[in-house]
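In the numbering used here, the protein residues as written are 6 to 301.
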């Protein structure tokens, strides 16, 4: 079997990320027939269809998802190698930082600005993802450090506590429960939930805590891949959700959301700093961790 070249993987990535062959051709500065030919060569190599058309748009097949992930990792490794060979010390001034979506979208922006002001000579490349993907990128040396909602278990990863957190039950100010301070666990089964998706660290923490109380499932009306979007849904609807205290604290204080105590249920957890052991002495990582510990 003839292995695909980088140009084949690049074509697949651009088609997926830009939404079509014509857009990929413009990004790659080649003609559309050339992109199509590269995709066909990939499919011939693996003997499976990688893309299918749904509603007039190209989508990845099950096999395509696997090849796409390999393509992205391979191209990123190649780019990192080129940068390392051209400037051997550049990697010591740049931190490849990973974070869960909730942490990356709601905790990190201010921290990154603060770090950039304090260390203008350093550069951070941030990528968001789910827990398993973050762990895999650390292990395969595609990342130097990750901020995660659960501690990954792997001999090549060192973890340390970052900060405490708690998942709390909240609803909008117009919800009928906004008039009460708390409910018992039995009432949870009567509510309509908007929750994060299964793969998220937040959902994993929630499901684990509920199972410990003998609650196998909640009545979920919708799953949303953005905690910020869930807050908007709560503010304008009749749904409730479990969200991090660090995320909803200000909205609760302003009266936009209402926090409900759940009798006998406290979902406390830890946010973690995870690092590739091989890069434990990375100067930018050391500086960033020191800042996190200082600011709490």
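Don't be surprised by glycine CBs; every beta carbon is placed ideally from N, CA and C.
Return yes when at least one heavy atom of the ligand FMN lies under 7 Å from the C-beta of residue i, else no.
i          : result
residue 69 : Ligands are entirely absent from the displayed structure, and the ligand FMN is therefore not among its contents.
Helix, strand or coil for residue i? Go by DSSP, reduced to three states.
i           : result
residue 212 : helix
residue 145 : coil
residue 263 : strand
residue 299 : helix
residue 188 : strand
residue 177 : strand
residue 126 : coil
residue 33  : helix
residue 249 : strand
residue 84  : helix
residue 132 : strand
residue 64  : strand
residue 140 : helix
residue 105 : strand
residue 76  : helix
residue 163 : strand
residue 194 : helix
residue 112 : coil
residue 158 : coil
residue 117 : helix
residue 182 : helix
Contact defined as beta carbons within less than 8 Å: I believe residue i pairs with residue j. What is the distance between those atoms, to the nearest angstrom?
i           : j           : result
residue 56  : residue 36  : At roughly 18 Å, the Cβ-Cβ gap does not stay under 8 Å, so residue 56 and residue 36 are not in contact.
residue 15  : residue 150 : Not a contact, Cβ separation roughly 27 Å.
residue 77  : residue 18  : 6 Å
residue 176 : residue 269 : About 19 Å; that fails the 8 Å criterion.
residue 86  : residue 129 : Not a contact, Cβ separation roughly 20 Å.
residue 276 : residue 152 : 7 Å
residue 202 : residue 230 : 5 Å
Would you call residue i buried or exposed, if buried means 16 or more other Cβ atoms sit within 10 Å of its Cβ?
i           : result
residue 118 : exposed
residue 186 : exposed
residue 4   : Within the shown structure, residues of the chain are numbered from 6 to 301, placing residue 4 beyond reach of any answer.
residue 225 : exposed
residue 232 : buried
residue 34  : exposed
residue 218 : exposed
residue 145 : exposed
residue 210 : buried
residue 179 : exposed
residue 140 : buried
residue 82  : exposed
residue 281 : buried
residue 309 : Look at the range of the chain in this structure, 6 to 301, and you will see that residue 309 is not part of it.
residue 114 : exposed
residue 302 : The requested residue 302 does not occur in the structure, where the chain is confined to residues 6 to 301.
residue 256 : buried
residue 137 : exposed
residue 274 : buried
residue 75  : exposed
residue 47  : buried
residue 9   : buried
residue 193 : buried
Just to confirm, is the Cβ distance from residue i to residue j under 8 Å?
i           : j           : result
residue 262 : residue 239 : yes
residue 102 : residue 131 : yes
residue 245 : residue 173 : no
residue 285 : residue 148 : no
residue 105 : residue 28  : no
residue 200 : residue 221 : no
residue 272 : residue 171 : yes
residue 157 : residue 207 : no
residue 205 : residue 135 : yes
residue 198 : residue 223 : yes
residue 289 : residue 73  : no
residue 20  : residue 44  : yes
residue 80  : residue 167 : no
residue 40  : residue 30  : yes
residue 62  : residue 24  : yes
residue 120 : residue 247 : no
Over what stretch of residues does the alpha helix (DSSP H) that includes residue i continue unbroken?
i           : result
residue 202 : Where residue 202 is concerned, there is no enclosing alpha helix (DSSP H), given that its DSSP letter is neither H nor E.
residue 18  : 11-23
residue 232 : 232-241
How far does the beta strand (DSSP E) with residue i in it extend, from its first residue to its last?
i           : result
residue 278 : 272-281
residue 226 : 225-229
residue 57  : 56-59
residue 151 : 150-153
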